[in-house]
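Counting from 1, position 108 in the sequence shown corresponds to residue 115 in our numbering; the numbering is continuous, with no gaps.
For every residue, glycine included, the Cβ atom is placed at its ideal position computed from N, Cα and C.
First the structure, in the form of structure tokens, and then the observations on it.
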Amino acid sequence: MAALNLGNIAVNQTVYFMWSTNAADGSSVSRDFSGTIRIYRSAYTSFTTVGITELEDFDSIIGIHSVAIDTSADSYYQGSTDYSVVIVDTTIDGVANINAPIAYFSITNRV
């Protein structure tokens, strides 16, 4: 799955998106182990998990996950900056230790 472009948002806004998990045959599956969603700023290795709310299997739909990122929840989120949303250490369809970028966005960093 390619990472979703969530666009450029204003300072202190909440950004929402959905992402999916699939078996090797393409069918929708729940995660066996949830893992952790991290937000990375620009190319730095520091990350935050503050302000993230995730609903796994959103509305009881297997394999569809809803994420809200409240950028007013932490001073980590700053204007004129790009962010990457990464899932780490999840297990999907019996395959462990999956790490993947799932989305990216910027805060007042585009004209």
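Count the other CB atoms, across all protein chains shown, that sit within 10 Å of the CB of Asp112; report buried if there are 16 or more and exposed otherwise. Counted from its first residue, the sequence shown places residue 112 at position 105. Correcting the residue identity first, residue 112 is Phe in this sequence and not Asp. Looking at its Cβ environment, which holds 16 or more other Cβ atoms inside 10 Å, Phe112 is buried.
With a threshold of 16 other CB atoms inside 10 Å of the CB of Tyr23, please say whether the residue is buried or exposed. Within the sequence shown, the letter at position 16 stands for residue 23. Exposed is the call here.
Nearest to Ile76 by alpha carbon, out of Thr98, Thr52, Asn106, Ser91? The count along the sequence shown starts at 1 and reaches residue 76 at position 69. The shortest C-alpha separation from Ile76 is found at Ser91.
Strand pairing of Thr78, partner residues [DSSP]: To locate residue 78, count along the sequence shown from 1; it is residue 71. Beta-bridge pairing by DSSP links Thr78 to no other residue.
Is the beta carbon of Asn19 less than 8 Å from the beta carbon of Ser79? To locate residue 19, count along the sequence shown from 1; it is residue 12. To locate residue 79, count along the sequence shown from 1; it is residue 72. With a cutoff of 8 Å on beta-carbon distance, Asn19 and Ser79 are scored as near each other.
6 Å Cβ shell around Leu11 - same chain, five flanking residues per side excluded: For the purposes of this step, residue 11 is taken as the residue at position 4 of the sequence shown. Correct list, in chain order: Phe24, Ala110.
Contact between the stretch 80 to 87 and the stretch 33 to 40 (3+ Cβ pairs under 8 Å): Contact between the stretch 80 to 87 and the stretch 33 to 40 is absent, because fewer than three Cβ pairs lie under 8 Å.
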